[in-house]
Each structure stands twice: as structure tokens, then as C-alpha cells.
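Chemist: Numbering follows full-length UniProt numbering, in which position 38 of the sequence shown is assigned residue number 38; successive positions increment by one, without gaps.
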Amino acid sequence: MATYDPFRDLDRLASTLLDARRGGGPRRMPMDLYRDGDHYVLAADLPGVDPGSVDIDVDGQLLTIRAERTLGSGEGVKWITRERETASFVRQLNLGQGIDTDGISASYRNGVLSVTIPVSEKAKPRRIAVSTDDGDGVIEAHESTPQPIEQ
């Protein structure tokens, strides 16, 4: 015996109206971003997305992630209820300076996209030897750490 829940129908109606107001455009994907040693790691939730539909590109210092969730329907299928929707996802990040854009890599596992963004060699902290004219020795200095990625 099925029970009727009017709040579920109201929630579905509100979601439909809000999606129509937004124009049904791309949705944002929730993500986490953290630094782990010499690289940043971005983890984005993309449940139900075919890995083949994920597109990641870098244009200058702008990283763009796009993904598409499609739901198949067999011929002759009669839907009882359909709450999962097809959707487009997009996220853009300004990488800032000090990032090795050629070394960016990505993997997709269990509905989570992981993007590894390495810090460039030029931006890593390093020691700089400073010599003196009087030959008393060498003074060492340190460079500061790179700036974080901006959202």
C-alpha cells in the first residue's frame, strides 16, 4: 500500500519551478579543495555521471570542469516515478600564479572527480645563497610559499 505524502509533491513542484527560473542551465557541483604538500587536490561530487562526459580544460589560468548526467530510458518503459533528472554541471576556478598547468591530472572513482594540480617548481620554497664581497661566507635566504588558488 502506497502512502501519499503532500510535502514530497510540494518539494518536487518547488524544485521544478526553481529550475525553470534558473533557465535549466548548468548546475554547480559541490567540491572540496585542499593543499597536500607540493600539489592541490580538488574533489568534486558528480554522482551518476558517465566519466566519458567529463571535460576538463585549462585556458591560461582558468580551469573549467564540465560534466553531463544523462538517464537512459529503454523503449516501451512506463515510468511510475522519475525524480532523478538529466543535468549539466560546470565549475570554473582561477588558478592564480605558481601552478604547473601542464602537470594537472584527473581521475574519477565512485562518483567523485579528483583533480590534482601541482605547484610549479618556480613557486616552491627554496634556499637562495647570498654571497658577500668580503669573502666572509655565504648568507642563506628563503622565498615565501606560493599563493593559494582563488575561487
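A virtual CB, placed ideally from N, CA and C, is assigned to each residue, including glycine.
(1) Between which two residues does the beta strand (DSSP E) containing V130 stretch?
(2) Under 8 Å between the Cβ atoms of R27 and G48?
(3) Which term fits R91, buried or exposed, when burial requires 16 or more other beta carbons within 10 angstroms of its beta carbon?
(4) Counting along the chain, where does the beta strand (DSSP E) carrying Q61 start and finish?
(5) Can the beta-carbon of P118 be found less than 8 Å from the beta-carbon of D50?
(6) Under the DSSP definition of a beta bridge, which residues are partnered with R69?
(7) Under 8 Å by Cβ, that's how I've got A44 and L95 pegged, so tell me the actual separation to the nearest angstrom.
(8) Shortest alpha-carbon distance to T116 belongs to which of V130, K124 and T101?
(9) Just the Cα atoms here: how many angstroms apart are V54 and T64?
(10) Out of R35, D36 and L42, which one is the CA nearest neighbour of M29?
(11) Thinking C-beta only, is A87 closer than 8 Å to I56?
(12) Below 6 Å CB to CB, which residues in the same chain sit around L33 once its five sequence neighbours on both sides are set aside?
Modeler: Inspection of the coordinates gives the following:
(1) R127 to S131
(2) no
(3) buried
(4) Neither: Q61 is in no beta strand (DSSP E) and is coded neither H nor E.
(5) no
(6) A87
(7) Not really, about 15 Å apart at Cβ, beyond 8 Å.
(8) T101
(9) 11 Å
(10) L42
(11) no
(12) L42
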